[in-house]
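*Asks:* Mind the numbering: the sequence shown is residues 296 to 1056 in the working numbering, read in order.
In this text, a Cβ means the ideal position worked out from N, Cα and C, and glycines have one as well.
Source: prediction; values computed, not measured.
The structure follows.
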Amino acid sequence: MNPASRFLNQFGLKLVNYPKTIGLLTLSLVLLLAAGILQIQVVGSVGNIFNPQSKYVIEFEQFIDQFGALEREIIIVIEADDILSETMRNEISNLHLELEFLDEVSSVISIASLRDSPNATPNMGQIIADDNFAKYGADTIQQKLYEHPLAQHRLISEDGKKTVMLLGLKPHDDLDSTLGEINQKARQLAAQEIKSGKYYFSGFLAVSAEIVTAILQDQIFFVVAGAILGLIFGYIFFRHFTLIMATAIPSMLSIFLVLGAMGWLGIGVNVMTNVVPTIIMVIAFADAMHMVDAMRYRLERGETAQQAVLYALKVVGPACVFTSATTSVAFLSLTFANTPIVAEFGQAASVGTFLALIASVGLSCLIVLGLNRIVPVKPKPSAKYRNGIVHHKMSVFSGFMARLAIGHAKKIVSIGFIILIGATYLHLQNAPEYRYSENLPDDNPASYAIDVIDKDLGGIDSFYFVLSRKDGAAIDFDNEIVDTILARFDQMIADEPMFTSVASISQLRHWLAKDEQNLPSINSILDTLPAAYTSRFVAKGRDKMIISAFTPDLGAATLKPFLRDVRQRGENIIKNHTEYRFLLTGLAAMSAEESHAMIGELNNGLLIAMVIIILFMGIVFRSSFYAFASILPNLMPIVAGGALLYFMADGLQFTTIIALTIAFGIAVDDSVHFLYQYRQNRKQHNAAISIEKTLTRIGPVLMATTFMLSAGLGLMFFSNLPQMSLFGMTVIFILNVALLADIAILPSIFYMKDKHKSKTS
296 MNPASRFLNQ FGLKLVNYPK TIGLLTLSLV LLLAAGILQI QVVGSVGNIF
346 NPQSKYVIEF EQFIDQFGAL EREIIIVIEA DDILSETMRN EISNLHLELE
396 FLDEVSSVIS IASLRDSPNA TPNMGQIIAD DNFAKYGADT IQQKLYEHPL
446 AQHRLISEDG KKTVMLLGLK PHDDLDSTLG EINQKARQLA AQEIKSGKYY
496 FSGFLAVSAE IVTAILQDQI FFVVAGAILG LIFGYIFFRH FTLIMATAIP
546 SMLSIFLVLG AMGWLGIGVN VMTNVVPTII MVIAFADAMH MVDAMRYRLE
596 RGETAQQAVL YALKVVGPAC VFTSATTSVA FLSLTFANTP IVAEFGQAAS
646 VGTFLALIAS VGLSCLIVLG LNRIVPVKPK PSAKYRNGIV HHKMSVFSGF
696 MARLAIGHAK KIVSIGFIIL IGATYLHLQN APEYRYSENL PDDNPASYAI
746 DVIDKDLGGI DSFYFVLSRK DGAAIDFDNE IVDTILARFD QMIADEPMFT
796 SVASISQLRH WLAKDEQNLP SINSILDTLP AAYTSRFVAK GRDKMIISAF
846 TPDLGAATLK PFLRDVRQRG ENIIKNHTEY RFLLTGLAAM SAEESHAMIG
896 ELNNGLLIAM VIIILFMGIV FRSSFYAFAS ILPNLMPIVA GGALLYFMAD
946 GLQFTTIIAL TIAFGIAVDD SVHFLYQYRQ NRKQHNAAIS IEKTLTRIGP
996 VLMATTFMLS AGLGLMFFSN LPQMSLFGMT VIFILNVALL ADIAILPSIF
1046 YMKDKHKSKT S
């Protein structure tokens, strides 16, 4: 007897002899863990998605320390039939003024704040002043705004129907704690002032706030819908109050248990851990289904609740322990990731899997012991469909699959290998891809704003060319070398068609100049213009200067080779000026570089998890063949999932890699249950009878749990976050392919091996 079986036997004896004591201990544990929900935090930022020790992440964080107002702006997109109409000008000017009074705002740039060059002839002063429209006309004013060097091509669209306001925020130790407050204040002011047009919020902080809202809505929906699903599936499969409660309550409680554990462990709910409670709920339900089905099997034959509990713990309990162990291995493989958000996901899911085991095995037995006294399960010796029509139909189908596996074993295994080869080829064609905007809720104002900015307002992705001295000293802006370097960088960026907008100190110099022969010095610009403007080009200590360039939201697959080329051209510019260095950074640049490394790391983690789990199965069943036989039926669903992503998704994204890892950890559970039951039957019967008995006994439960898992994960289709929908679709597809593999391919493999070893009953 293995250690798990011995422990469960001892636990079962304690449980049936001291149900009240164990019940009180369980209740205390549940309350203690659930109290952790009060400690949990919702995090909308995905800035911690990459390895904090990476070169590109460190460069980006150092950039944020000095130029945080640039990358973390709140962007307000305003639409109207005519942005430059008198009504809209007044509304935008009023909103601009009100926003400047917010404590958290350090600067506001909009068409209301732009002035003509002091050396322009004639000089307009404030560009959108009422008098200017009569003097110069709307077309001239619009062109002045469109080409203004503070935000070239970004402040007004060419058709004059869209504009943006850029809100820079003051430094804050914990922006997430005030995100909602900042956005709410700005939104209230926008609603108060903008009456003749429409407005939409975007930018890093606004997006984070939208994600927080979506996560909170998802959690409420998942909890309520998950509870309802548990009751519905329990009723369909069992049709008895005691058995329904023994299945549904553990799965419902597991949601609160894992959320509480996350709270105590300091793991926040973010775009990835958002899905953990749903995954744990369906895992708990699947194990509870196996346990309750075994208990019903004995109760309907006239045995007592105590006997049924001991039987379930003896026959099904060890398999539940093994499946939890294999699933935990898959989750634990993610905890070694260098990316914090992935590691936290792995930690939360592995702890949740352990809690789901306790809930499904322990609570289901306690509930049957308690409720069976009040609403007993009556024996059904003469019922035509002892376990209900649904169970009967599943049993019939399972018997059919058993006969199919026995009669066509070689053909089934051959088809499995063909599918494996074809799906593997398609899976390997998936290229890594990542976009920050893909984390946004569907049909969201922030998503719409990004589309508008990409199309008409210079592009949403920002790239910063940062020039500094290697010794960290202040830059001598009077040095001709600096002028030469800046001019060459400006020309390089201007010649690159992928950049749709650019802003640099050189542009500002030319804009301020009386003529091209009398350019003002950079030092004079820094001394005379407000810091809110100059800080967009030069650091406060004058040790760094930046050129900002913008593109539409292109994605990592496009950006990575492009950035490699741009970096090389930048290095060529300064290679003869060894005292200077430059870096190219920004959220999009960092994401493009790091997403490839991160997805590669997750791919390696998946491979390691698969090897460990397969080896673990060989150790558990003390058979190298059991491990070998598990490879095809468990590898095929994973590469089939990759093939699905080839057709359905835009590359291999970090959520889909995690989905493959999780799906493998869950899908292998069906193999464990089949192997455990088959080994028991094989001790008494030949291969054919063992396969038929195994599939007719556990086949219906495997199908029911897969359907429940699919329904539970199907809740993600209703998520406000598109990545959750893709995650759910991927896992559901893999689980259903895995079910077919475990009731067709796995029995065929064992029949081919064991058919000559005849054992009679």
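Given a cut-off of 8 Å, decide if residue 796 and residue 1058 are closer than it, judged by their beta-carbon atoms.
*Replies:* Residue numbering for the chain in the displayed model covers 296 to 1056; residue 1058 lies beyond these limits and cannot be assessed.
*Asks:* Could you pull the start and end residues of the alpha helix (DSSP H) that residue 1034 belongs to?
*Replies:* Where residue 1034 is concerned, the enclosing alpha helix (DSSP H) stretches over 1017-1035.
*Asks:* Less than 8 Å between the beta carbons of residue 714 and residue 931, yes or no?
*Replies:* Yes, these two residues count as a Cβ contact at 8 Å.
*Asks:* Could you tell me the boundaries of the beta strand (DSSP E) in which residue 460 lies?
*Replies:* Where residue 460 is concerned, the enclosing beta strand (DSSP E) stretches over 457-464.
*Asks:* Distance check for residue 536 and residue 668, CA to CA, integer angstroms please.
*Replies:* Between residue 668 and residue 536, the C-alpha separation is close to 12 Å.
*Asks:* Where does residue 995 sit, in a helix, a strand or coil, going by DSSP?
*Replies:* Helix, per DSSP.
*Asks:* Using the C-alpha atoms, what's the distance from residue 345 back to residue 634?
*Replies:* Taking the straight line from one Cα to the other gives about 5 Å.
*Asks:* Quick one: is residue 457 buried, meaning 16 or more other Cβ sit within 10 Å of its Cβ, or exposed?
*Replies:* Classification for residue 457: buried.
*Asks:* If you follow the alpha helix (DSSP H) that residue 750 is in, where does it begin and where does it stop?
*Replies:* Residues 740-751.
*Asks:* Could you compute how far the alpha carbon of residue 470 sits from the alpha carbon of residue 501?
*Replies:* Legend: pLDDT at residue 470 = 48, less than 50; position of this residue unreliable, no value from coordinates given.
*Asks:* I believe residue 407 touches residue 423 by the beta-carbon criterion, under 8 Å. Please report the beta-carbon distance rounded to the nearest angstrom.
*Replies:* With 8 Å as the limit, residue 407 and residue 423 qualify as a contact, their Cβ atoms being about 6 Å apart.
*Asks:* DSSP state of residue 680, grouped into three classes?
*Replies:* The predicted position of residue 680 is uncertain, since its pLDDT is 49 and thus under 50; no value can be drawn from it.
*Asks:* Find out if the Cβ-Cβ distance for the pair residue 524, residue 1006 is shorter than 8 Å.
*Replies:* Contact: yes.
*Asks:* So the beta strand (DSSP E) residue 591 belongs to, where does it begin and stop?
*Replies:* Looking at the DSSP string, residue 591 is not in any beta strand (DSSP E); the run it does join, the alpha helix (DSSP H), is 571-594.
*Asks:* Return helix, strand or coil for residue 306, following the three-state DSSP convention.
*Replies:* Helix.
*Asks:* Grouping DSSP H, G and I as helix and E and B as strand, with all else coil, what is residue 835?
*Replies:* Residue state, collapsed to three classes: coil.
*Asks:* Measuring CA to CA, which of 306, 411, 836 is closest to residue 809?
*Replies:* The shortest Cα separation from residue 809 among 306, 411, 836 belongs to 411.
*Asks:* So is residue 818 buried or exposed if we call it buried at 16+ other beta carbons inside 10 Å?
*Replies:* It is exposed - the Cβ of residue 818 has fewer than 16 other Cβ atoms within 10 Å.
*Asks:* Since residue 745 and residue 762 should fall inside the 8 Å C-beta cutoff, what is the C-beta to C-beta distance between them, to a whole number of angstroms?
*Replies:* About 29 Å separates the two Cβ atoms, so there is no contact after all.
*Asks:* Let me confirm a value: residue 1057 is counted as buried when at least 16 other C-beta atoms fall within 10 Å, else exposed. Which label applies?
*Replies:* For residue 1057 there is no data in the structure shown, the boundaries of the chain being 296 and 1056.
*Asks:* According to the Cβ coordinates, are residue 869 and residue 877 closer than 8 Å?
*Replies:* Yes, the pair counts as a contact, with Cβ atoms nearer than the cut-off.
*Asks:* Would residue 374 be called buried (16 or more neighbouring beta carbons within 10 Å of its own) or exposed?
*Replies:* The residue in question, residue 374, is buried, as its Cβ has 16 or more Cβ neighbours within 10 Å.
*Asks:* Measuring CA to CA, which of 414, 404, 426, 590 is closest to residue 440?
*Replies:* Per the Cα distances, 404.
*Asks:* Here's a check: name, in chain order, each residue in its chain whose Cβ is nearer than 6 Å to the Cβ of residue 611, leaving out the five neighbours to either side.
*Replies:* Within the same chain, residue 611 has close Cβ partners 585, 586, 589.
*Asks:* Can you tell me which of the three DSSP states residue 1038 falls into?
*Replies:* In the structure shown, residue 1038 sits in a helix (DSSP, three-state: H, G or I).
*Asks:* Tell me the rounded alpha-carbon separation between residue 302 and residue 605.
*Replies:* Going from the Cα of residue 302 to the Cα of residue 605 covers about 12 Å.
*Asks:* Helix, strand or coil for residue 399? Go by DSSP, reduced to three states.
*Replies:* It is coil, neither helix nor strand.
*Asks:* Count the other CB atoms, across all protein chains shown, that sit within 10 Å of the CB of residue 570; report buried if there are 16 or more and exposed otherwise.
*Replies:* By the neighbour-count rule (16 or more Cβ atoms within 10 Å), residue 570 is buried.
*Asks:* The ligand PLP heavy atoms versus the CB of residue 741: any closer than 7 Å?
*Replies:* Judged by which ligands are present, the structure shown has none, so any question about the ligand PLP falls away.
*Asks:* Starting from residue 735, trace the alpha helix (DSSP H) both ways and give me its first and last residue.
*Replies:* Premise fails: residue 735 is in no alpha helix (DSSP H) and is neither H nor E.
*Asks:* Are there three or more Cβ pairs, one per stretch, closer than 8 Å when the stretch 702-719 is compared with the stretch 921-936?
*Replies:* Contact between the stretch 702-719 and the stretch 921-936 is present, because at least three Cβ pairs lie under 8 Å.
*Asks:* Could you tell me which whole alpha helix (DSSP H) segments of length 4 or greater appear in the stretch 761-809?
*Replies:* Counting only runs of 4 or more, we get 775-790, 800-807.
*Asks:* Have a look at residue 638 and residue 631 and give me their C-alpha separation to the nearest angstrom.
*Replies:* For residue 638 and residue 631, the distance between alpha carbons rounds to 6 Å.
*Asks:* Could you have a look at residue 450 and say whether DSSP puts it in helix, strand or coil?
*Replies:* In this structure, residue 450 counts as coil in the three-state DSSP scheme.
*Asks:* Where residue 312 and residue 580 are concerned, what is the direct C-alpha to C-alpha distance, given to the nearest angstrom?
*Replies:* When rounded, the distance between both Cα atoms is 26 Å.
*Asks:* Does residue 976 pass the burial test, meaning 16 or more other C-beta atoms within 10 Å, or should it be called exposed?
*Replies:* Its Cβ being crowded by 16 or more others within 10 Å, residue 976 is buried.
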